[in-house]
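In our numbering, the protein residues as written are 6 to 932.
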């Protein structure tokens, strides 16, 4: 019940022929935490049962009033204006009958309005997609914090906030300024909001949702009718009305901001639709919009992205087919042009050299750095030229556009389609067909696409995967918007019947799309899905007991009672991450000597890094335990899982994975303070070691006591560092050249390897990547490329916009390959610096969080200032300056570098692999 004769807020709910949803909208207002409000149902002369429903709502709550227009206006303006006219509250809001207000919307905005005295308050909008029950936010960057703005000129980006429904207005502000929604036009919100923003002396912004915009899949609104040319005319019409308003008020200075909003929002919506329109529609569209586009200043176009500038210019200059091709980039920004034309070393869009200054300015693709990127980050384009279906077999004819020559004879191509987990993969042969173009064919038998035991109900998209020298990429397949749909009913197993549909996706970039729907028995079982998942979870618990650590330990102990298998060795590098680290180089020395030792390598993820002919076993599997139980030798660089007790007669070589800057073992407070059981498990694991490889006397001083090592020490240096000590030899130079080629490093660029360590409190968050590459790129990209090697406990992905400057080095199992290919290294507190010092090349340290790292729970053995072999840098400017002046930096730090080498490389001779094999294998027996 209202607490006052005068409500605090009037909420105008407009409605037309919406009897079903109106009660929900009104209820969202009546249920507000602000009780003292009124609901004005403004009915645009509905012809269904809306009046009956509205009057029932009015009768049920005295806060509800019903106002009916005598005739239908055909829009939102007239009913909103009626609501304004009859509103009794000092503040007014607007709500559409198919939407809702969040529960605290009115009260939260009212409190801000009363506290600040602003003319209106605006807040975030939640877009609720009813088909999927997913949500999104309306221009979230506008609503990141609460603020009061002294007029639109102070923050002109709020022109993008052109809705009227996410605001609470002072009623007097509307009436005193004669503000009204324009009747007889569409997009009335845009003019009303522009007028409100320019009239307001102050407005407030709140960073929470104040309106729920429900988007029903079957609804057709003015804003979703972009396929109609009249819709285009309406958009331009309201834009011109706003221009006239600004001119009338003398606010021409705001015209550029309003034009930018028009280009980035209103016009941009139509550009994104161009790939799905026919030639006649595009021609008519261009005729409608070009005159208005020609009135917009060049400086405004310069604020757009390059993709937008290219597309707009092609449209304005009549290159309409190319405009539709360019518009695909809005759905997938990294798509390549079909053709690039270079003039005086500058790449331009299309096959025609630009003939005038405007074309040279707008079609210049220089900022994309097309020729400075490798296969992994460069631009390609795969278009379907033909799609057909013969029974269950989907036949694809593909044209690949590679305008700058990323693809070579060594590039391997496959087409992939997944519905469940494992994709169907078929090889592709890329046949050259003109400069920078290839054709290929793929046949995808949809019966062979794995769908799982209970089938799938999903929508997926075929992709093209390319691989070359360790670099990989996956790209979408672009479909023709007018291609026919194909349907098939396929049986995957006895009950596994599915209806399959192949079509062109009518949004985004326009991918080829394949949809699976269960049929028959599987369809009838879909309601049982939640129960099946619960049963599966219970089964999983039982399975975990059987195949978990307890079960594996039992099986291992039984096999370990058997005699050792003579000459069998299990090798593992860094928890099975690949063919790398010290075990790799020990293994290669064994192979060179042809010793009678059979090696099984453990892997935990990808097997791609292992050479052909190597015997592999999955880490943690029963086969892994069986191999360990029978082996004569264990060799690893991290620590084999605790549950495997070393059998009698097995010898364990621990090569460890690096010297240490941060505290380790019992020097870590968390282990020192752990339970006796936990400390006992740690001691038992280390106690399995028979020999430990030592790279330096300093390693002996820190690591050995920290781990309470009792094993024999092999003072050989690290086997993996042999290639770094001997980096100048032909074999290592060849490796470096191959790595640079596989990363797509131009011959005139130097390589800075960036290899930071992880942060204990932020694993797998990407927070160890501290450098601002976007800021660094303009300062160094003319001479340098940065190869980022994130720690295995962290993650990193190259921003496509920085593909000319960055490379992802994670595909290389052995970081030595990257060190050999680099000209300098940038790290922080990583043990990699100790290895890299063997090359004598520059070491830079980016340590902007040094105090936090040093003061962390783990602690460090050294003050980095005391031992650093190079400068400690904390800003992008310092880093850029150091790289540009690298030779002088190296000279200034030469003495520190030499002391660092003496301290941490004292056992390195370049022959560690030989010394380790001599000491551990040749010095003992092979049985």
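Every residue gets a Cβ at the ideal spot worked out from N, C-alpha and C, and that includes glycine. Please read all numbers here as calculations on a predicted model, not as lab measurements.
Enumerate in chain order the residues of its own chain whose CB-to-CB distance from residue i is below 6 Å, with the five nearest sequence positions on each side excluded.
i, result
"residue 221", "135"
"residue 417", "472"
"residue 227", "Here residue 227 scores only 46 on pLDDT, less than 50, and its place in the model should not be relied on; the value that follows carries that caveat. Counting only Cβ-Cβ distances below 6 Å, and skipping sequence neighbours, we find 191."
"residue 444", "404, 436, 438"
"residue 644", "690"
"residue 748", "379, 812"
Could you give the C-beta distance for residue i and residue j, rounded to a whole number, given that I count them as a contact under 8 Å?
i, j, result
"residue 94", "residue 173", "Contact flag wrong, Cβ pair sits at about 10 Å."
"residue 354", "residue 370", "6 Å"
"residue 57", "residue 72", "No, residue 57 and residue 72 are not in contact; Cβ-Cβ is about 15 Å, not under 8 Å."
"residue 200", "residue 167", "Not quite, the Cβ-Cβ distance comes to about 11 Å (not below 8 Å), so this is no contact."
"residue 290", "residue 306", "Residue 290 to residue 306, Cβ: 18 Å. No contact."
Indicate the three-state DSSP secondary structure (helix, strand or coil) for residue i in the structure shown.
i, result
"residue 377", "helix"
"residue 576", "strand"
"residue 2", "Residue coverage of the chain in this structure runs from 6 to 932, which leaves residue 2 outside it and unanswerable."
"residue 183", "coil"
"residue 332", "helix"
"residue 439", "coil"
"residue 910", "coil"
"residue 867", "coil"
"residue 270", "helix"
"residue 230", "coil"
"residue 916", "coil"
"residue 344", "coil"
"residue 172", "strand"
"residue 318", "helix"
"residue 4", "Not covered by the structure: residue 4. The range shown for the chain is 6 to 932."
"residue 55", "helix"
"residue 265", "helix"
"residue 824", "helix"
"residue 447", "strand"
"residue 401", "strand"
"residue 491", "strand"
"residue 924", "helix"
"residue 694", "coil"
"residue 241", "helix"
Is the beta carbon of residue j closer than 8 Å to that of residue i?
i, j, result
"residue 794", "residue 815", "yes"
"residue 649", "residue 694", "no"
"residue 358", "residue 344", "no"
"residue 294", "residue 272", "yes"
"residue 364", "residue 425", "no"
"residue 723", "residue 840", "yes"
"residue 690", "residue 719", "no"
"residue 757", "residue 823", "no"
"residue 387", "residue 482", "yes"
"residue 106", "residue 39", "no"
"residue 599", "residue 660", "no"
"residue 203", "residue 157", "yes"
"residue 263", "residue 246", "no"
Cutting at 8 Å between CB atoms, please list the residues of its own chain near residue i, excluding the five before and the five after it.
i, result
"residue 212", "128, 129, 148, 149, 150, 151"
"residue 225", "With a pLDDT of 42 at residue 225, under the threshold of 50, the modelled position of this residue cannot be trusted; read the value that follows with caution. Counting only Cβ-Cβ distances below 8 Å, and skipping sequence neighbours, we find nothing."
"residue 25", "none"
"residue 865", "666, 667, 668, 834, 858, 859"
For residue i, list the residues DSSP reports as bridge partners.
i, result
"residue 961", "What the structure shows of the chain is the stretch from 6 to 932, and residue 961 is not part of that stretch, so it cannot be assessed."
"residue 699", "720"
"residue 789", "755"
"residue 112", "Paired residue(s): none; residue 112 is not in a bridge."
"residue 639", "575, 657"
"residue 354", "345"
"residue 101", "19"
"residue 623", "608"
"residue 167", "According to DSSP, residue 167 bridges with nothing at all."
"residue 582", "DSSP output for residue 582 lists no bridge partner at all."
So, for residue i: in the same chain, excluding its five sequence neighbours on each side, which residues have a beta-carbon less than 7 Å away from its beta-carbon?
i, result
"residue 623", "608, 629"
"residue 503", "456, 460, 495, 497, 521, 522, 523, 524"
"residue 22", "51, 52, 53, 55"
"residue 843", "726, 729, 730, 910, 913"
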